[in-house]
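The next block holds one structure in the form of structure tokens; read it before the comments.
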């Protein structure tokens, strides 16, 4: 199970030039600023853009090579458009049925009631499409794509057109999708938050070219990439709730390399979580500072140095056990502490976000 | 009320307008679809050609059609070679002429409706396993319903009202090519204003009802 994607597509603003092998499971985020070619890449996978010299090998099935081109309607995919694109002449239930009726009965792995339940749209079924809110529209669009029982789900910034509250409304559904269905997804986004919450792998695009691709934790922790992320530079890794302190309302999270205290958000002991630590929330000292208000102070090794966009700043990659961290500090501090790759230091982590 | 000759003219007009608009919808749909979606250089000239009857004096159009379809014209000789009789002064000739005359009134509303739909719903349909034909009939046609409605009404009404082209190509043969507007003209020439009033009044009422229907149904199926 893997996705092989190769294409060369000249466009007015950029040329999409991609040669990728992506694992065929989990969520692969296609990340980049607008105009970097993310949507074009997704449309190419769907067959909505065509490169006769390209190659698409999806789960062992050829969708595109020099001699073959499988038209979009024969590809077992689901596509969620940024603007939902529900059919205005059909109500919600008929929109859902449209794709389901046209998919082979033998390949149905998801039943309509299951999908309706998963996305919480049962009360909307008899509504007209123009009576839906933006968030409802996207949930129906996702359900409609799932109703064809796709083997690959393509999502083009499904949250981009929504305000913050609506995003928070849909995000849990996307997480359920990822966790409950063994359905590989390509998820186009320019939002580091969405990527941190959803992705297992990431492909970073810039100006039509792949800057980096690989497992989310490794790619986010590389010191070259954060240049493009600016304030959002940081790492994401998995952990597990070990203990809950009811007196201080804190939870202790174990990860590969140590433990961290975070605010207790009610997640039960034993549950898996995803942690995100931004580079700007990590500071470094030579000695453990027990007089500090910061709870999470861990020993770490400096593994790489990177540049920041602003000349006053420096970016360090460290390792706490097996887990990489990024720390952003002033170059003046790095110089004063004489920080070098290989040094043992203490990291003070000011904020840890539980993203899922 | 109406004389039998007038009734025959009304019947012929209705028959002509019905046949013309049905044929035009069948032929105009693929043409409008192509014009709405292609980036081919031919779409400009072809689009202009389709629109031409809109601004050309009907008599000019009728004259050229007469020349083309006459026994010495290109079309006339081609028909003759296949053993078919020439088109002028026949019902078939009227249909051909009316189709050309009313073409823009059918093609333009369809073309606008197709253009307004855009690529979005078609791409969505393709990702939902609908073949292009399937998507056309299950997505485009319902979404363009008001366009089809407008095209049918305008094509029909415009054919009912034609005069110049019919005069040139069909002549004025009672029961055969004499349409309503011809019959009206004859009554006025004969100074039979009562008969003229009956026909003209009927036309006035008909035109009003057509526009009323258009206004009532236009907002339906808006995207």
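Protein chains in written order, with the working numbering: chain A, 1 to 356; chain B, 1001 to 1223.
Backbone N, C-alpha and C define an ideal beta-carbon position, used for all residues, glycine too.
Keep in mind the model is a prediction, meaning the values are calculated, not measured.
First and last residue of the alpha helix (DSSP H) that includes residue i?
{"i": "residue 360 of chain A", "result": "For residue 360 of chain A there is no data in the structure shown, the boundaries of chain A being 1 and 356."}
{"i": "residue 255 of chain A", "result": "Segment 250-255 is the beta strand (DSSP E) holding residue 255 of chain A; no alpha helix (DSSP H) there."}
{"i": "residue 62 of chain A", "result": "It is not in any alpha helix (DSSP H) - residue 62 of chain A instead sits in the beta strand (DSSP E) that spans 61-64."}
{"i": "residue 92 of chain A", "result": "92-102"}
{"i": "residue 1013 of chain B", "result": "1004-1037"}
{"i": "residue 1210 of chain B", "result": "1193-1217"}
{"i": "residue 164 of chain A", "result": "164-180"}
{"i": "residue 1187 of chain B", "result": "1180-1189"}
{"i": "residue 1122 of chain B", "result": "1120-1127"}
Taking the alpha carbon of residue i as the point to measure from, which residue in the options has its own alpha carbon closest?
{"i": "residue 1179 of chain B", "options": "B:1214, B:1090, B:1107", "result": "B:1090"}
{"i": "residue 16 of chain A", "options": "A:26, A:306, A:38", "result": "A:38"}
{"i": "residue 302 of chain A", "options": "A:80, A:337, A:311", "result": "A:337"}
{"i": "residue 1024 of chain B", "options": "B:1155, B:1164, B:1172, B:1197", "result": "B:1155"}
{"i": "residue 1061 of chain B", "options": "B:1181, B:1095, B:1168", "result": "B:1168"}
{"i": "residue 1115 of chain B", "options": "B:1004, B:1002, B:1036", "result": "B:1036"}
{"i": "residue 290 of chain A", "options": "A:343, A:162, A:347, A:269", "result": "A:347"}
{"i": "residue 268 of chain A", "options": "A:238, A:278, A:253", "result": "A:253"}
{"i": "residue 108 of chain A", "options": "A:168, A:133, A:328, A:78", "result": "A:78"}
{"i": "residue 357 of chain A", "options": "A:182, A:199, A:183, A:180", "result": "This structure leaves residue 357 of chain A out entirely; chain A is present only between 1 and 356."}
{"i": "residue 220 of chain A", "options": "A:275, A:141, A:179", "result": "A:275"}
{"i": "residue 1098 of chain B", "options": "B:1086, B:1125, B:1177, B:1189", "result": "B:1177"}
{"i": "residue 1139 of chain B", "options": "A:126, A:137, A:95", "result": "A:95"}
{"i": "residue 1117 of chain B", "options": "A:64, A:262, A:87", "result": "A:87"}
{"i": "residue 173 of chain A", "options": "A:309, A:24, A:159", "result": "A:159"}
{"i": "residue 1147 of chain B", "options": "B:1132, B:1028, B:1014", "result": "B:1028"}
{"i": "residue 196 of chain A", "options": "A:75, A:82, A:355", "result": "A:355"}
{"i": "residue 13 of chain A", "options": "A:282, A:206, A:288, A:319", "result": "A:206"}
{"i": "residue 1093 of chain B", "options": "B:1008, B:1204, B:1133, B:1016", "result": "B:1016"}
{"i": "residue 257 of chain A", "options": "A:98, A:48, A:319", "result": "A:319"}
For residue i, does the count of other Cβ atoms within 10 angstroms reach 16, so buried, or fall short, so exposed?
{"i": "residue 67 of chain A", "result": "exposed"}
{"i": "residue 247 of chain A", "result": "exposed"}
{"i": "residue 314 of chain A", "result": "buried"}
{"i": "residue 10 of chain A", "result": "exposed"}
{"i": "residue 296 of chain A", "result": "buried"}
{"i": "residue 130 of chain A", "result": "exposed"}
{"i": "residue 341 of chain A", "result": "exposed"}
{"i": "residue 1187 of chain B", "result": "buried"}
{"i": "residue 33 of chain A", "result": "exposed"}
{"i": "residue 157 of chain A", "result": "buried"}
{"i": "residue 1022 of chain B", "result": "exposed"}
{"i": "residue 321 of chain A", "result": "exposed"}
{"i": "residue 1222 of chain B", "result": "Reliability fails at residue 1222 of chain B, whose pLDDT of 47 lies under 50, so the model's placement of it is uncertain and the value that follows must be treated cautiously. Residue 1222 of chain B should be labelled exposed."}
{"i": "residue 1001 of chain B", "result": "exposed"}
{"i": "residue 1209 of chain B", "result": "exposed"}
{"i": "residue 1150 of chain B", "result": "buried"}
{"i": "residue 1109 of chain B", "result": "buried"}
{"i": "residue 1006 of chain B", "result": "buried"}
{"i": "residue 234 of chain A", "result": "buried"}
{"i": "residue 1011 of chain B", "result": "exposed"}
{"i": "residue 63 of chain A", "result": "buried"}
{"i": "residue 1137 of chain B", "result": "exposed"}
{"i": "residue 208 of chain A", "result": "buried"}
{"i": "residue 19 of chain A", "result": "exposed"}
Tell me where the beta strand (DSSP E) around residue i begins and ends.
{"i": "residue 155 of chain A", "result": "152-156"}
{"i": "residue 260 of chain A", "result": "258-263"}
{"i": "residue 299 of chain A", "result": "296-307"}
{"i": "residue 86 of chain A", "result": "Element bounds for residue 86 of chain A: n/a, residue is neither H nor E."}
{"i": "residue 132 of chain A", "result": "From DSSP, residue 132 of chain A is part of no beta strand (DSSP E); its letter is neither H nor E."}
{"i": "residue 346 of chain A", "result": "344-349"}
{"i": "residue 39 of chain A", "result": "Unbroken run through residue 39 of chain A is the alpha helix (DSSP H), 38-46; no beta strand (DSSP E)."}
{"i": "residue 1001 of chain B", "result": "No beta strand (DSSP E) holds residue 1001 of chain B; DSSP gives it neither H nor E."}
{"i": "residue 106 of chain A", "result": "Per DSSP, residue 106 of chain A belongs to no beta strand (DSSP E) and is neither H nor E."}
Which residues does DSSP pair with residue i in a beta bridge?
{"i": "residue 79 of chain A", "result": "A:154"}
{"i": "residue 329 of chain A", "result": "A:314"}
{"i": "residue 142 of chain A", "result": "Its beta-bridge partners do not exist; DSSP assigns none."}
{"i": "residue 1114 of chain B", "result": "Partner(s): none; residue 1114 of chain B has no beta bridge."}
{"i": "residue 118 of chain A", "result": "In the DSSP output, where bridge partners are listed per residue, residue 118 of chain A has none listed."}
{"i": "residue 69 of chain A", "result": "A:64"}
{"i": "residue 29 of chain A", "result": "A:187, A:202"}
{"i": "residue 319 of chain A", "result": "A:301, A:324"}
{"i": "residue 353 of chain A", "result": "A:276"}
Beta carbon of residue i: closer than 7 Å to some heavy atom of the ligand MG?
{"i": "residue 123 of chain A", "result": "Questions concerning the ligand MG fall outside what the structure shown contains, since it holds no ligand whatsoever."}
Length-filtered (4 minimum) alpha helix (DSSP H) runs lying within the segment 1146-1176 of chain B: The qualifying runs are 1164-1169.
Minimum length 3: unbroken beta strand (DSSP E) runs contained in the segment 206-247 of chain A
209-215, 234-245
Q) At what residue ranges does the segment 1046-1112 of chain B contain a whole run of the alpha helix (DSSP H), taking only runs of 4 or more? A) 1058-1069, 1074-1081
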